[in-house]
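> Oh and the sequence shown: position 201 is 202 in my numbering, straight run, nothing missing.
Quick reminder that beta carbons are idealized off the backbone N, C-alpha and C, glycines included.
Quick caveat: nothing in here was measured; it's all calculated off a predicted structure.
I'd like to ask some things about the structure below.
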Amino acid sequence: MTRTSLSPRSSAELLLLGTIWGGSFLANGIALPEAGVAGIVAFRVGGAALFLWIAVRALGLRVPREPRIWGAFLIMGMLNNVIPFTLITWGQQSIASGLASILNAATAIFGVLVAALVLPDERLTARRMAGVLLGFGGVVTVIGPDALAGFDLRSAGQLALLGAALSYACAGAFGRRALAGLDPRVAAAGMLTASSLVVLPAALALGGIPRLDLSLPTWGALLYLSGIASAFAYLLFYRILAAAGAGNLSLVTLIIPPVAILLGALVLDERLPPHAFAGFALLGLGLLVLDGRILQIPRELGRRAR
């Protein structure tokens, strides 16, 4: 993993991206009562695809026509959009948005394991294994020891969020192989278009013609999810990736939960149990160990002392 310096501009953009994605959990919570799971996912992927194709057209980027690449877009769309968006939105029907964001941070933990299984240059070193174990300890702490003993909708919602995190991790490994060499903005537009071809017919079959008499907060949440949290966030994501590298970009997973927790408390009056915060602390420590820089601090202090 290439390590690139994190400039003040990239740091600000990373904070902005984490804030945007943290806000998506609040937007889901606002839109769910009126739009439902299928409506939210359909509007999010369809609207984001439209916004991104406008950007691709304005930038004059080449659009691939090979069937193999569009097949890869379809698989990537299922793994990175259809499955996780659906599981997250469904899960948020029974769990708080802040809790959902914490469990979604397990994406980085699953990503290390999936990459070690399918990518030959992503070995599971001792440091990475330690980070994974800390992360899973955090996930168990967040869920709570008695959640599965009395299995209910809340437990199922938490498992749905972990399923979304695993799907994101598989998407990362698949995309690295199947979409290598493509302009990421074109790849994102193609992926969301393929997602739309799956989601829109499914939404019509499940819910019929979508309602248009939605309240202003619901319309605002849907526009936020499609235009800001998906289309703009993808463009920002790849900008940070190019400027600061994948290692620095992975730190966004530590920014999202605090934002989602704060917004959930202020807007939706959500309150999380103490074990959720303790679990996030463990999960965050695991992510920092995976990043590796936290382990370099004692060595750097020792070098300066000499």
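CB-CB under 6 Å to R177, same chain, minus the five flanking residues each way: which ones, in chain order?
none
> Cα-Cα, which of A161, A222 and S231 is closest to Q93?
A161
> Hey, could you find the ends of the alpha helix (DSSP H) M192 is sitting in?
P185 to G208
> Less than 8 Å between CB atoms is the rule here; does L286 satisfy it with respect to chain B?
In the displayed structure, chain B is absent; only one protein chain is listed.
> On a Cα-Cα basis, can you pick out the residue from T142, G145, F111 and A230 that is closest to G132?
F111
> In terms of alpha-carbon separation, which member of L163, V290, F278 and G287 lies closest to G99?
F278
> With C-beta atoms as the reference, is L223 less than 8 Å away from F86?
No. Outside cutoff.
> Secondary structure at E35, three-state DSSP: helix, strand or coil?
helix
> Judging by CA-CA distance, which residue of R272, S196 and A243 is the nearest neighbour of G48?
Ranking the options by Cα distance to G48, first place goes to S196.
> Around the C-beta of I55, are 16 or more other C-beta atoms found within 10 angstroms, so that it is buried, or is it exposed?
exposed
> Quick test of the definition: if touching needs 3 or more C-beta pairs under 8 Å, does the stretch 261-275 touch the stretch 55-69?
no
> Could you tell me the boundaries of the alpha helix (DSSP H) in which D292 lies?
Following the DSSP letters along the chain, one finds D292 inside the alpha helix (DSSP H) bounded by residues P275 to D292.
> Where does Q94 sit, in a helix, a strand or coil, going by DSSP?
coil
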